[in-house]
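Here the structure is laid out as structure tokens; the discussion comes afterwards.
Residue numbers (the numbering used here): 7 to 256.
Below, the structure is given as structure tokens:
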């Protein structure tokens, strides 16, 4: 996914096939700025875009590049909550969770063809609701729990049974709270620990009791992280963590 469309690499030929938006073709890619990708259990590719909502590419349509779109419609309360899609995750029930700049949208398996979404948005009168509408990462851990990071509202964990959110936010008076309320990345490691990439370093969730341990840039330590704005976190098969920052890879 790039800022100029979607690219598919064929490793047998070394060639790329490009998919781009064509204003004259409603079945082309919804927008050229691709922000997220997710392949579901049926091989369907879901493409989040920065302004064109959500596009779907079925396996049978990959050669032709025929896309189906889900977009925000102000007149339809069951449409996607916003057209700026930041992330997509799937849970154990086959539900897709779509992080947008205008809230969190939920697309259940039985509604994938109809495009009927359920929404979770910030409500100042609901302390157990979504903490902020600007949702960045969404992540499903190995136990099926949904973690939501926001740009300004910290980290939340969704309880499906009660349809409520438990919030974890930065407290300047508590060194064991979340490092920052601006969360960009979430990842679970092989031991089950949750790592959070924030605007102020990496916070690791220690579950018993629940608290946060922090890893940050320290100008006095040349082997500390290169920068505190963390954009992405991944773990390799050997258990090493790779952390992408605004100032390089760690």
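Ideal Cβ positions, reconstructed from N, Cα and C, are used throughout, including at glycine.
Can you find the residues in the same chain that come closer than 8 Å, C-beta to C-beta, to residue i, ignoring five residues on each side of it along the sequence?
i           : result
residue 40  : 7, 8, 9, 11, 12, 53, 54, 55, 56
residue 245 : 195, 196
residue 16  : 22, 23
Could you check if residue i is buried or exposed, using at least 16 other CB atoms within 10 Å of its CB as the buried criterion?
i           : result
residue 6   : Because the chain in this structure spans residues 7 to 256, residue 6 falls outside the shown range and cannot be described.
residue 197 : exposed
residue 216 : exposed
residue 149 : exposed
residue 213 : exposed
residue 31  : exposed
residue 120 : exposed
residue 79  : exposed
residue 140 : buried
residue 180 : exposed
Note the first and the last residue of the continuous beta strand (DSSP E) segment covering residue i.
i           : result
residue 171 : 170-174
residue 4   : Nothing about residue 4 can be read from this structure; the chain reaches only from 7 to 256.
residue 143 : 141-146
residue 23  : 21-25
residue 74  : 74-76
residue 40  : 40-45
residue 240 : 236-241
residue 217 : 216-221
residue 253 : Premise fails: residue 253 is in no beta strand (DSSP E) and is neither H nor E.
residue 126 : 124-126
residue 164 : 161-165
residue 15  : 12-16
residue 106 : 102-106
residue 136 : Taken as a continuous stretch (DSSP letters only), residue 136 belongs to no beta strand (DSSP E), as it is neither H nor E.
residue 52  : 51-55
residue 230 : Where residue 230 is concerned, there is no enclosing beta strand (DSSP E), given that its DSSP letter is neither H nor E.
residue 212 : 207-213
Just to confirm, is the Cβ distance from residue i to residue j under 8 Å?
i           : j           : result
residue 25  : residue 94  : no
residue 182 : residue 218 : yes
residue 49  : residue 75  : no
residue 201 : residue 152 : no
residue 159 : residue 125 : no
residue 63  : residue 51  : yes
residue 115 : residue 100 : yes
residue 146 : residue 105 : no
residue 191 : residue 237 : yes
residue 142 : residue 189 : yes
residue 235 : residue 252 : yes
residue 89  : residue 58  : yes
residue 46  : residue 81  : no
Spatial neighbours of residue i within its chain, please: C-beta separation below 7 Å, excluding the five flanking residues on both sides.
i           : result
residue 224 : 230
residue 172 : 162, 163, 165
residue 187 : 158, 159, 160, 175, 176
residue 221 : 207, 208, 231
residue 257 : With the chain represented from 7 up to 256, any question about residue 257 goes unanswered, as that position is not in the structure.
Spatial neighbours of residue i within its chain, please: CB distance less than 6 Å, with the 5 preceding and 5 following residues excluded, ordered by chain position.
i           : result
residue 28  : 34
residue 248 : 240
residue 130 : none
residue 72  : 33
residue 155 : 142, 143, 161, 189, 192
residue 14  : 23
Legend entry - Three-pair Cβ contact test at 8 Å for the stretch 109-121 versus the stretch 81-93: Judged by Cβ distances under 8 Å, the stretch 109-121 makes contact with the stretch 81-93, as three or more pairs qualify.
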